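Novice: Please read through the structure below; I'll follow up with questions.
In our numbering, the protein residues as written are 10 to 318.
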């Protein structure tokens with residue numbers, strides 16, 4: 010009698026929860042409350058911040074690529090000591106140009122990953138509550154009343170699915186929070202230093218392609234090339250080559266730093282955190298099933314021994 014009352018009470022609770030999910034007014038009150046909205050808004054802000062950084066870095070890479078292209082198209086023809094030379098300083102920037110091209114492809118992957126994360130954040134409430142949770146409640150309810158006629162343990166399956174619904178609902182916001190915390194502690198400074206350094210070097214390189222409006226506004230590069238063409242004197246070309254090589258190496262290191270930041274922040278860490286969350290779910294559900302499996306195997310072993318004897 011007590012068992013029947015408990016079954017009826019559990020059924021009423023499951024039906025009430027199911028109605029809360031399927032009826033929009035009740036669902037908005039229970040599952041779209043200010044606390045849940047705050048969690049989602051915080052996760053959205055964190056993902057949008059990552060998206061803004063990725064877009065800024067992608068734009069920085071395109072600017073760098075444009076500056077390099079202009080320099081690579083320029084050549085200086087001189088004849089020091091009567092010997093003709095054709096100097097193409099832009100060739101020094103070939104390794105940097107290759108690095109920027111590869112960085113641009115990685116940034117497209119990072120932007121795509123952030124777009125997927127934003128979609129999952131928007132879809133997880135619907136998938137977790139309206140799809141998985143409602144199905145879990147129905148399975149649990151069916152298992153209560155049909156358990157004696159169906160060999161499959163629907164009630165246990167419904168309980169595990171209900172727990173999975175909670176995981177799905179909050180997995181993406183939790184992943185975004187963990188990812189943002191990791192970025193703030195380990196990656197933010199690296200990103201700031203690298204991006205500022207690249208922007209400053211771009212400004213220096215852009216002076217090479219700047220055409221002055223008047224002689225008084227000529228940059229050092231224009232004065233240098235004019236001196237070569239007019240005087241045709243032997244000068245220290247190694248100084249210019251050393252300067253460009255140093256800047257190129259520095260920018261390659263900076264782009265590598267940004268590459269590490271965005272691979273970790275947009276691809277590797279989100280996947281690792283999601284895997285950890287669902288692994289945690291698997292471990293919990295596995296632990297809950299282990300006693301049942303041992304009990305079932307024990308009964309079968311005992312039954313086989315009795316039959317043999």
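C-beta: ideal position from N, C-alpha, C; glycine also. Here the structure is a predicted model, which means the values were calculated and not measured.
In whole angstroms, give me the CA-to-CA distance for residue 205 and residue 148.
Specialist: Taking the straight line joining both Cα atoms gives about 56 Å.
Novice: Out of curiosity, what's the CA-to-CA distance linking residue 241 and residue 254?
Specialist: Unreliable positioning characterises residue 241 in this predicted model, as indicated by a pLDDT of 43, which lies under 50. A coordinate reading is not provided.
Novice: Measuring only the C-alpha atoms, how far is residue 2 from residue 185?
Specialist: No answer is possible for residue 2: it lies beyond the span of the chain, which begins at 10 and ends at 318.
Novice: At the level of alpha carbons, what is the spacing between residue 21 and residue 65?
Specialist: Looking at the two C-alpha atoms, the distance is approximately 54 Å.
Novice: Between residue 77 and residue 106, is the Cβ-Cβ spacing less than 8 Å?
Specialist: Yes, Cβ-Cβ distance for residue 77 and residue 106 is below 8 Å.
Novice: Taking buried to mean at least 16 other C-beta atoms within 10 Å of its own C-beta, is residue 68 buried or exposed?
Specialist: Residue 68 is exposed by the Cβ-count criterion.
Novice: When the Cβ atoms of the segment 115–128 are set against those of the segment 269–285, are three or more pairs found closer than 8 Å?
Specialist: Verdict: yes, contact present.
Novice: In angstroms with no decimal places, state the Cα-to-Cα distance between residue 270 and residue 32.
Specialist: Rounded to the nearest angstrom, the two C-alpha atoms are 44 Å apart.
Novice: What's the C-alpha gap between residue 212 and residue 80?
Specialist: If I take the Cα positions, the gap works out to 13 Å.
Novice: Do you know how far the Cα of residue 24 is from the Cα of residue 14?
Specialist: Distance between the alpha carbons of residue 14 and residue 24 is about 15 Å.
Novice: Can you give me the C-alpha to C-alpha distance between residue 56 and residue 36, rounded to a whole angstrom?
Specialist: One C-alpha to the other measures close to 26 Å.
Novice: Give a yes or no on whether the C-beta atoms belonging to residue 181 and residue 129 are separated by under 8 Å.
Specialist: A contact, by the Cβ cut-off of 8 Å.
Novice: Which term fits residue 49, buried or exposed, when burial requires 16 or more other beta carbons within 10 angstroms of its beta carbon?
Specialist: Burial call: buried.
Novice: In three-state terms, what does DSSP make of residue 199?
Specialist: Looking at residue 199 - three-state DSSP - the assignment turns out to be helix.
Novice: Applying the criterion that 16 or more other CB atoms from any shown protein chain within 10 Å of the CB defines a buried residue, is residue 251 buried or exposed?
Specialist: By the 10 Å Cβ count, residue 251 comes out exposed.
Novice: Taking C-alpha atoms, which residue in 174, 53, 248 and 157 lies nearest to residue 134?
Specialist: The residue with the shortest Cα to Cα distance from residue 134 is 174.
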